[in-house]
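Before any comments, here is the structure.
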Amino acid sequence: MTQHVSPRLTAYVALAAAGLLAGLVLGRVELVALAAPFALAAVVAPALARAPRLRMALELDRDRALESETVDATISLTAEGAEHVVVYLELPAELTTSARNPRALALAAGEERTIELPLRCERWGALVLGPPIVRARDRLGFYAWEARLGGRAPLRVYPSVETLHALLVPLETQVFVGNQVSRTKGDGIEFADIRAWAPGDRTRRINWRATARRGELWVNEQSPERNTDVVLFLDTFTDAQLGGRGTLDLSVRAATSLAHRYLQRKDRVGLVSFGGFLSWLEPESGTRQLYRIVDSLLQMDIVLSYAARNVNVLPPRSLPPKALVLALTPLLDPRTGPALLDLRARGFDLVVVEVSPVPFVEPGAGELEQLSYRLWRLSREALRARYRQAGVPVVEWTDGVPLNVPLEEVSTFRRYARPAHA
Amino acid sequence: MLAYELGRSSRALPATGPLGVAGALLLVVLLVRAHPELVPWPSALLGIAYAIELVIRGPRVDDAAPLVAVGLLLCGELAAWSIDERLPVAVEWSVTRARAVALGALAFGSLAVAALVVGLASAPAGSGLAWTVVGAGSAVAVVAIAVTLARRS
Chain A
1 MTQHVSPRLT
11 AYVALAAAGL
21 LAGLVLGRVE
31 LVALAAPFAL
41 AAVVAPALAR
51 APRLRMALEL
61 DRDRALESET
71 VDATISLTAE
81 GAEHVVVYLE
91 LPAELTTSAR
101 NPRALALAAG
111 EERTIELPLR
121 CERWGALVLG
131 PPIVRARDRL
141 GFYAWEARLG
151 GRAPLRVYPS
161 VETLHALLVP
171 LETQVFVGNQ
181 VSRTKGDGIE
191 FADIRAWAPG
201 DRTRRINWRA
211 TARRGELWVN
221 EQSPERNTDV
231 VLFLDTFTDA
241 QLGGRGTLDL
251 SVRAATSLAH
261 RYLQRKDRVG
271 LVSFGGFLSW
281 LEPESGTRQL
291 YRIVDSLLQM
301 DIVLSYAARN
311 VNVLPPRSLP
321 PKALVLALTP
331 LLDPRTGPAL
341 LDLRARGFDL
351 VVVEVSPVPF
361 VEPGAGELEQ
371 LSYRLWRLSR
381 EALRARYRQA
391 GVPVVEWTDG
401 VPLNVPLEEV
411 STFRRYARPA
421 HA
Chain B
423 MLAYELGRSS
433 RALPATGPLG
443 VAGALLLVVL
453 LVRAHPELVP
463 WPSALLGIAY
473 AIELVIRGPR
483 VDDAAPLVAV
493 GLLLCGELAA
503 WSIDERLPVA
513 VEWSVTRARA
523 VALGALAFGS
533 LAVAALVVGL
543 ASAPAGSGLA
553 WTVVGAGSAV
563 AVVAIAVTLA
573 RRS
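Taken in sequence, the protein lines are chains A and B. In terms of our numbering, the first sequence opens at residue 1 and continues consecutively. In terms of our numbering, the second sequence opens at residue 423 and continues consecutively.
Below you can see the structure in the form of structure tokens.
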């Protein structure tokens, strides 16, 4: 433990010395009496000062929670002869507590105390709590001992999942069984078409009505239910922030909700973080993949980099053929645009959800600032037009608007627009 | 404290008044601005003003000196406590009680020691170079003990 001595004690020693000296020089006993209390404090305080022996433990009732949930932190403290102990658990910005923190308490020798702190998870993140700071003092505050005790407690706060009524349907399906009706014909449940009987067709597939009408055997054809590959492509080059919220925060929330829903549909979902720090997860299905994706999203951060990046640096397996690539980007970094158009040129089914940075940017008060703001917005409009020319649906998603809205916009776009082959 | 010092002698007022007022103002400033490093200075200024008043007033021993001494100590300690209370720390009642008891004990102990000093001085023990040397040695010893204990801790 680090020991601190109050400057007050040094000053009291000096006052006592000055009083005694003055009393001696001037021959006045009152000045000696004046120095006596300070001399007594300066002698008694160090003589009684003992560094306390403290043991502390920090525990959380669980290590995973969702946003807006409450996690109980318990600090157990045992001390031997600590008359004044201040315990403080430093909380990251993502957590708040309604309990009193820091707290000063007195402990008798061998007494054990527990401090309960209900922690409310305000925002997602991979957090590490502790070790708590403990500061013990003597009764008059002349001596203090400070240390960090009790170890660390990790806590993962997952973003809350938004309810999505409908998902984007990829243009192509994969070969494994899933919930998406394929455009191809084969064994399945959904009726697709009828055709003339061919040797090898099973009897139960004969469409008797069509056969009776045409006088020859006709059979039903079905569309098989297949899974799809979805790659969530997050642009982490840059971020626009205002008041604790930002585009990366929105992107992570959207990616979590999308991954959750697609994985529920038995699709395979992958993740690409395209930015200063490049990372990826190959598409997989199942709950385990959901946790891998969310854990990866929690670590996501903006890393400033001037390195040129393109999709060639990504391993081919992170972007499987016929995958739906859902790009979540604020369209702020000039390196993102060419990479996305490159993906489109390679034949990927690309959808760009523009996480709008506009609510996070102040237009400014001056005329020049207003003009530059309008120019900036025009340049963004021009960028969107470039994507649309390449047949890529681009939808703007603003903070506060449900994610269903841009997804429905994309579905409408796809209903009326034919995919362009670059 | 200030009123006591200013009220005792009108002759010393021009010298002690400004010092005493400066000490009181300093106390107000440190309490308002919460500067713990300034805590001993009001006591020091008021103590100097008291010493000047003693010199101007003459050789008669002030019987209230122990009370003045304890008052100066309490002035510093209560100011330090007041500043400590401003920290956003939830303090349990037992902690407050323990500090109050400790401060009370220190004040009573100080009063006893100061009264003993004043009482011993008025006792007919004689005078001379030997007593002066013993007094000086005692003063040095007290300060040395305080410094040694503080350094050892």
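Using N, Cα and C, we set each Cβ at its ideal position, and we do this for glycine too. As the structure is a computational prediction, the values presented were derived from the model and not from experiment.
- Inter-residue distance for A/A11 and B/L495 is about 12 angstroms (C-alpha atoms, whole angstroms).
- Rounded to the nearest whole angstrom, the C-alpha separation of A/L332 and A/A339 is 13 angstroms.
- Only V517, A520, R521, A524, L525, L528, G531, S532, V535 from the region 517-535 of chain B bring a Cβ to less than 7 angstroms from some Cβ of chain A.
- Taking a 10 Å sphere around the C-beta of A/I189, we find fewer than 16 other C-beta atoms and assign the residue as exposed.
- Not flagged as an interface residue toward chain B: A/V157, since no C-beta distance is shorter than 7 angstroms.
- Going by C-alpha positions, A/A345 is about 32 angstroms away from A/D187.
- For B/L449 against B/A501, the beta-carbon gap comes to about 6 angstroms, under 8 angstroms, which counts as contact.
- About 6 angstroms separates the beta carbon of B/A466 from that of A/L15, a gap short enough to meet the 8 angstroms contact definition.
- Shortest Cα-Cα distance from B/A437 to any of B/L476, B/A561, B/A527, B/V461 involves B/L476.
- In this structure, DSSP gives A/S257 a helical state, which the three-state scheme calls helix.
- Using a Cβ-Cβ cut-off of 7 angstroms, B/D484 counts as an interface residue toward chain A, since at least one Cβ of chain A sits closer than that to its own.
- Note on geometry: alpha-carbon atoms of A/S76 and A/E111 lie some 11 angstroms from one another.
- At a cut-off of 7 angstroms, the C-beta of B/V564 has a neighbouring C-beta in chain A.
- Taking a 10 Å sphere around the C-beta of B/E507, we find fewer than 16 other C-beta atoms and assign the residue as exposed.
- Runs of the alpha helix (DSSP H) spanning 4 or more residues and lying entirely within the region 239-316 of chain A occur at 247-264, 287-298, in chain order.
- Below the 7 angstroms Cβ cutoff, chain A contributes A33 as neighbours of B/P488, in chain order.
- Neighbours of B/L495 in chain A, taken as residues at a C-beta separation under 8 angstroms, are given in chain order as P37, F38, A41.
- Not flagged as an interface residue toward chain B: A/A73, since no C-beta distance is shorter than 7 angstroms.
- Under the 10 Å beta carbon count, A/N312 is surrounded by fewer than 16 other beta carbons and is classified as exposed.
- For A/F413, the closest alpha carbon among the candidates A/E80, A/S305, A/E30, A/Q389 is that of A/Q389.
- Exclusion of the five residues before and after A/T211 leaves L217, W218 as the residues of its chain whose Cβ lies within less than 6 angstroms of its Cβ.
- Three or more pairs of CB atoms, one per stretch, sit closer than 8 angstroms, so the region 217-231 of chain A contacts the region 167-185 of chain A.
- Along the region 129-154 of chain A, going in chain order, the ones with a CB nearer than 7 angstroms to a CB of chain B are R139, L140, G141, Y143.
- The shortest CA-to-CA distance from B/V483 to any of B/F530, B/W515, B/A543 is the one to B/A543.
- In this structure, the CA atom of B/G526 is about 55 angstroms from the CA atom of A/Q299.
- Straight through space, the alpha carbons of A/E381 and A/V351 are spaced by roughly 16 angstroms.
- Counting along the chain, no alpha helix (DSSP H) covers B/D484, and no H or E run does either.
- Within the region 197-225 of chain A, the complete alpha helix (DSSP H) runs of at least 4 residues fall at 208-214.
- Chain order gives no chain A residues near B/V443, where near means a beta carbon separation below 8 angstroms; the closest approach is about 19 angstroms.
- The way I'd put it, the region 526-540 of chain B does touch the region 37-48 of chain A; three or more beta-carbon pairs between them come closer than 8 angstroms.
- Boundaries of the beta strand (DSSP E) harbouring A/E80: 70-80, taken from the DSSP string.
- With respect to the 7 angstroms criterion, A/V303 and A/F274 are not classified as neighbours on the basis of their beta carbons.
- If you ignore the 5 residues before and after A/S411, its C-beta comes within less than 8 angstroms of the C-beta of A166, L168, V169, all in its own chain and listed in chain order.
- Within a 10 Å sphere around the beta-carbon of A/A365 sit fewer than 16 other beta-carbons, which makes this residue exposed.
- Secondary structure of A/D61 (DSSP, three-state): coil.
- Beta-bridge analysis with DSSP links A/Q180 to A/R226.
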